[in-house]
Amino acid sequence: MPKISKKITVSCSINDAWGVLASFHTISDWANNVSHSCFLSEQKIGVGTTRRIQTGNNTVTEHVTVWEDLASLGYEIRGLPSVFKKVTNTWFLYPHERGTELHLEIEIVPIRRPATPVASLGCLAFARINNGMLSDLKEFLEKAKPLNDLKEEVLLLSSRLNQLESDDA
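Residues 1178 to 1346 (our numbering) are what the sequence shown spells out, left to right.
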């Protein structure tokens, strides 16, 4: 079974990184290769949660198979060529002196042993995509998310200030 793992260190807490990954349906908010994402299941967290993602004209579904809070999130990718019996991506989160170390592992099980070289090539292609997703997540966690959090705090403070001013009137 071909398997490739990529990793990156992100300057944020494991809680922040997990919060983004566990918001399973919002991958299109931070992954540049995903143009649209949404839930397909009523279940929103845990094993069994399903999302649909679109990358350009291609659509696949992703079914959560591993959900360990603050540690790992794995999902099977369905809708790929039938030469692959099973394709899984698994995120692992580890504490690091500079924040959080994220690992993203792709594993492809070929339908039959003769298809192993094709699965190996597929693994290399997915590893390149996963490397981009790691970079996208790092960018989001270190820049976009803190900015969005700050905007929310400013709005909350502004709302409280307006309430205090209206109470004084």
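No residue lacks a Cβ here, since even glycine has one placed at the ideal position from N, Cα and C.
{"Query": "Roughly how many angstroms lie between the CA atoms of residue 1336 and residue 1294, to the nearest whole one?", "Result": "59 angstroms"}
{"Query": "Within the continuous alpha helix (DSSP H) that includes residue 1312, where are the two ends?", "Result": "1293-1316"}
{"Query": "Quick check: the Cα distance between residue 1248 and residue 1195, rounded to an integer number of angstroms?", "Result": "8 angstroms"}
{"Query": "Based on DSSP bridge pairs, tell me the residues matched to residue 1204.", "Result": "DSSP lists no partner for residue 1204."}
{"Query": "Run through the DSSP bridge pairs and tell me what residue 1242 is partnered with.", "Result": "Its beta-bridge partners do not exist; DSSP assigns none."}
{"Query": "Keeping to the same chain, check which residues put their C-beta closer than 6 angstroms to that of residue 1347; ignore five residues upstream and five downstream.", "Result": "Residue 1347 cannot be examined here, being either before or after the span of the chain that is shown, 1178 to 1346."}
{"Query": "Looking at residue 1178 and residue 1253, is the spacing between their C-beta atoms short of 8 angstroms?", "Result": "no"}
{"Query": "Considering only residues of the same chain and omitting the five flanking positions on each side of residue 1256, which have a CB-CB separation below 7 angstroms?", "Result": "1236, 1237, 1238"}
{"Query": "Comparing alpha-carbon positions, which option in 1262, 1181, 1187, 1286 lies nearest residue 1322?", "Result": "1187"}
{"Query": "Hey, residue 1241 and residue 1223: beta-carbon distance below 8 angstroms or not?", "Result": "yes"}
{"Query": "Rounded to whole angstroms, what's the CA-CA distance from residue 1192 to residue 1291? Just pull it up for me.", "Result": "42 angstroms"}
{"Query": "Check residue 1324 in the structure and name its three-state DSSP category.", "Result": "helix"}
{"Query": "Please classify residue 1287 as buried or exposed, where buried requires at least 16 neighbouring CB atoms within 10 angstroms.", "Result": "buried"}
{"Query": "Note down the Cα distance separating residue 1180 from residue 1315, rounded to an integer number of angstroms.", "Result": "22 angstroms"}
{"Query": "Assuming residue 1310 and residue 1208 make a contact with CB atoms under 8 angstroms, what is their CB distance in whole Å?", "Result": "5 angstroms"}
{"Query": "For residue 1331, count neighbouring Cβ atoms within 10 angstroms of its own Cβ and tell me buried if that reaches 16, exposed if not.", "Result": "exposed"}
{"Query": "Express the C-alpha separation of residue 1333 and residue 1343 in angstroms, rounding to a whole number.", "Result": "15 angstroms"}
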